[in-house]
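Line by line, the protein sequences are chains A and B. Residue numbers for the first sequence follow my numbering, so the first one is 1 and each next one is one higher. Residue numbers for the second sequence follow my numbering, so the first one is 249 and each next one is one higher. Notes follow once the structure below has been shown.
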Amino acid sequence: MTVNDLNAIEVAALDKWYGAFHVLKNIDLTVATGERIVVCGPSGSGKSTLIRCMNRLEEHQRGSISVNGILLGDSVKNLDAIRREVGMVFQHFNLFPHLTVKENCALPQILARGKRRRDAEEMAMHFLAKVRIPEQADKYPGQLSGGQQQRVAIARALCMTPKVMLFDEPTSALDPEMVKEVLDTMVTLAEEGMTMIVVTHEMGFARKVADRVVFMEAGEVIEVNEPNAFFDAPSHPSTRRFLANIMH
Amino acid sequence: MTGFDVASTAVHIEPSAPPKQPRRPLLQLFFGDLVASVLTVSTGLLLILMIPALNWAVLDAVWATDNPSACRDGGACWAFIAAKFRFIIFGVYPPDEQWRALLVMGLILAMILASLSPKLWGQRLIAAWIACVAVMLALMWGGFLGMTPVPTSSWGGLPVTLLLALLSLGLGFPFAVFLALGRRSSLPIPRMLSLMTIELVRGLPLVGLLFVASILLPLLLPAGWSIDKLGRTLAALTVFAAAYLAEVIRGGLQGVPAGQIEAAKALGIPGWKAVWHIVLPQALQKVIPPLTNTAIVMVKNTSLVLIVGVFDMLSAARVAATDPVWGAPYVESYVFVALIYFLICFGISNYSRWLEIRVQSRSYR
């Protein structure tokens, strides 16, 4: 088996509790390299928790997660290796407000990879151009619109050259007129073959980009299907109810 | 026409200037209503009450004389300050060597001016400060390049006040950061140690701490060990500053959203680098006003060292006023020292306001 044949992410028999609350129940999910997965479901269903387990922002208690063949566990070395492979975009952007846009993209490369400042800034400008925002490089995040901030956050994650990108409700905190610019950036990324796992309620995006849609409810994976089948002929009653609610 | 014209387009409206606010007449400003009138009248009364003080300080004052007996007729004796100026500023530091203490103060001023702009903050500036402090202490001590050695018991006046304030804050700050981080740690031992240190030090009055450092500490040390008295005093001030700064910094740390740490983790930034480059700068930006407050309090707290016999500026002023030749001009002496403290603290306060505006305007809309 060559490296390319490895699955990007393998989640097996995963359980997680917050205190006594059983938030993830026996989750199995395999994501192939280059695959685009959209995770949806009602709020509180554990979608965000699931992807936050994948780079250890949350710890799981049972089962296993491996990323590009590296097992996620208590090994600090493995965790560092996994965080090198996985980039993440947050609902509330989480840009560093005390740094300029360019610094937001350059400093993590210097701190985490020991890159030289010049190389890091070059990389930063490359990806800022890619998300079509290079002219804002010297501004501070607080001076940008929400959509612009989220595109900077995507550029910042891409600067670390991840193999997998996790998106945790990337458009939920945006004003409606800014959703499109962020989704367009994500579509471009998908077209370039990035492995993506996206928690979102943007069903148009799911239909257009996803290879598979994962529907979760109450901590369980209820249904996994191709987007057309998922939207046009959902098999599970919970899925039908959810789709009826969000499609109005 | 009533109802909506479905296909209407709004006519473009040019932006215009807001209407002019008429100036309020002065009479109305000062006596417009009851509150304004009461304030105006009471302020006026206060000013009238201050006339005798003004008479004492300015009109009846003796500004320059070589003859101390000229100072006996009621007004302030500023001639005394002129005569004792060097003593109040430099204390008992040997007069022939006072240029060294003056040079130290010049260095402090130059370094402070060089550190004002946040653009220059960084490891290089910290290194420059450490080097400069070493040079300052060497200058004060002497004993090389033909400079007479001056023991710390002969140091005095404003240089001692400035060095104590600067060093207690500068040395206390890194401790404070560790205490603040320790107190928020999820590990029980650092958390308990930090909590105990902070609560213990805050629970003691500074005077008590100074007594412990200057009297108890030498008794506790094994025979043959001794730490210089000025050093012990500095240690007490440092611990005190650290405890208070720690609580201020902890407040700032609490204001940094959890998402910032999560973003740093997700990017693979190692923990301590994330704290230093991501969390701390944001935490400190949020607590500029209380940090300033602590700095000002510490500058004034250094005056308490006179209780354990360290010869700071206030001690020098007190001793100067006991000179029997001059008629015990304590008030003049204290007013002069108060003025110097005020200038220092007012400077710090203005600087912090400038810093706050700068930080806010660049980071936030």
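Heads up, the beta-carbon is just placed ideally off N, CA and C, and yes, glycines get one too. None of the values given here were measured: they were computed from a predicted structure.
Proximity winner among the options, relative to residue i (alpha-carbon distances)
i	options	result
B/Asp476	B/Ser434, B/Gly557, B/Pro529	B/Gly557
B/Leu501	B/Gln533, B/Thr481, B/Ala483	B/Gln533
A/Phe230	A/Val89, A/Val213, A/Ala157, A/Gly219	A/Val213
A/Thr188	A/Val199, A/His201, A/Asp175, A/Leu158	A/Leu158
A/Phe205	A/Pro162, A/Asn55, A/Val224, A/Leu183	A/Leu183
A/Val199	A/Val23, A/Val39, A/Met123	A/Val39
B/Leu603	B/Ser474, B/Ser433, B/Ser365, B/Leu435	B/Ser365
A/Gly44	A/Glu217, A/Asn225, A/His236	A/Glu217
A/Thr161	A/Met186, A/Ala173, A/Met194	A/Met194
B/Val553	B/Ile463, B/Val455, B/Ala471	B/Val455
B/Ala506	A/Leu57, A/Ser48, A/Glu192	A/Leu57
B/Ile588	B/Gly405, B/Ser442, B/Gly503	B/Gly405
A/Asn26	A/Lys102, A/Glu103, A/Leu50, A/Val101	A/Leu50
B/Leu623	B/Leu591, B/Arg601, B/Ile605, B/Ser600	No information on residue 623 of chain B is available, as it lies outside the stretch 249 to 613 that chain B covers here.
B/Phe459	B/Ile555, B/Pro577, B/Leu307, B/Trp347	B/Ile555
A/Cys105	A/Ala155, A/Glu85, A/Arg83	A/Ala155
B/Ile329	B/Gly499, B/Pro577, B/Gly391, B/Val306	B/Pro577
B/Met384	B/Leu357, B/Lys367, B/Pro270	B/Leu357
B/Pro572	B/Pro270, B/Leu429, B/Ser285, B/Arg320	B/Arg320
A/Asn7	A/Thr30, A/Gly142, A/Trp17, A/Gln91	A/Thr30
Cβ neighbour criterion (16 or more within 10 Å) applied to residue i
i	result
A/Asn68	buried
B/Ser563	buried
B/Asp281	exposed
B/Trp574	buried
B/Thr257	exposed
A/Leu24	buried
B/Pro453	exposed
A/Ile37	buried
A/His236	exposed
A/Leu166	buried
A/Asn225	buried
B/Ala424	buried
B/Lys367	exposed
B/Phe392	exposed
B/Val504	buried
A/Thr46	According to the sequence displayed, residue 46 of chain A carries Gly and not Thr. Answer is buried; the Cβ neighbour count reaches 16.
Rounded C-alpha distance that separates residue i from residue j
i	j	result
B/Gly322	B/Asn315	15 Å
A/Met178	A/Ser145	8 Å
B/Leu295	B/Met359	40 Å
A/Lys139	B/Pro267	34 Å
A/Lys77	B/Met444	35 Å
A/Glu52	A/Glu122	According to the sequence provided, residue 52 of chain A is Arg. The question's Glu does not apply to it. Approximately 30 Å, taken between the alpha carbons.
B/Met249	B/Pro263	Below a pLDDT of 50, predicted positions are generally treated as unreliable, and B/Met249, at 47, falls in that range; the measurement from the model is reported next regardless. Distance between the alpha carbons of B/Met249 and B/Pro263: 27 Å.
A/Met247	A/Arg241	10 Å
B/Pro538	B/Val496	7 Å
B/Val340	B/Asp560	10 Å
B/Val352	B/Leu387	7 Å
A/Asp232	A/Arg207	11 Å
B/Val408	B/Phe333	16 Å
A/Ile197	A/Leu99	28 Å
B/Leu275	B/Asn549	45 Å
B/Cys325	B/Ala318	9 Å
A/Ala210	A/Gly87	18 Å
A/His254	B/Val523	This structure does not reach residue 254 of chain A, given that chain A is present from 1 up to 248, and the question cannot be answered.
A/Thr2	A/Ser48	For A/Thr2, the predicted model reports a pLDDT of 41, less than 50, meaning its position is unreliable; a value from the coordinates is still stated below. The alpha-carbon atoms of A/Thr2 and A/Ser48 are separated by roughly 31 Å.
B/Leu485	B/Leu465	14 Å
A/Pro141	A/Lys102	10 Å
B/Gly418	B/Leu482	11 Å
A/Ala153	A/Pro227	27 Å
B/Arg613	A/Gln143	For B/Arg613, the predicted model reports a pLDDT of 39, less than 50, meaning its position is unreliable; a value from the coordinates is still stated below. If you take the alpha carbons of B/Arg613 and A/Gln143, they lie about 5 Å apart.
B/Ala382	B/Gln346	18 Å
A/Glu249	B/Gln530	Because residue 249 of chain A is not part of the residues shown, which for chain A are 1 to 248, the question remains open.
Integer Cβ distance of residue i from residue j, believed to fall under 8 Å
i	j	result
B/Ala327	B/Trp311	6 Å
B/Ser402	B/Pro342	7 Å
B/Leu427	B/Ala494	4 Å
Residues that residue i contacts on chain E, provided the C-beta gap is smaller than 9 Å
i	result
A/Ala13	Absent here is chain E; the protein component of the structure consists of chains A and B.
Touch test, the segment 439 to 450 of chain B against the segment 488 to 497 of chain B, Cβ-Cβ under 8 Å, three pairs minimum: yes
The segment 108 to 121 of chain A touching the segment 515 to 530 of chain B, judged by at least three CB pairs closer than 8 Å: yes
Touching by the beta-carbon criterion (3+ pairs, under 8 Å), the segment 561 to 576 of chain B and the segment 414 to 426 of chain B: no
At least 3 beta-carbon pairs within less than 8 Å: the segment 10 to 18 of chain A vs the segment 62 to 79 of chain A: yes
Touching by the beta-carbon criterion (3+ pairs, under 8 Å), the segment 121 to 132 of chain A and the segment 533 to 549 of chain B: no
Stretch-stretch touch, CB-based, cutoff 8 Å, three pairs: the segment 588 to 595 of chain B with the segment 362 to 375 of chain B: no
The segment 92 to 109 of chain A in contact with the segment 498 to 512 of chain B per 3-pair CB rule at 8 Å: yes
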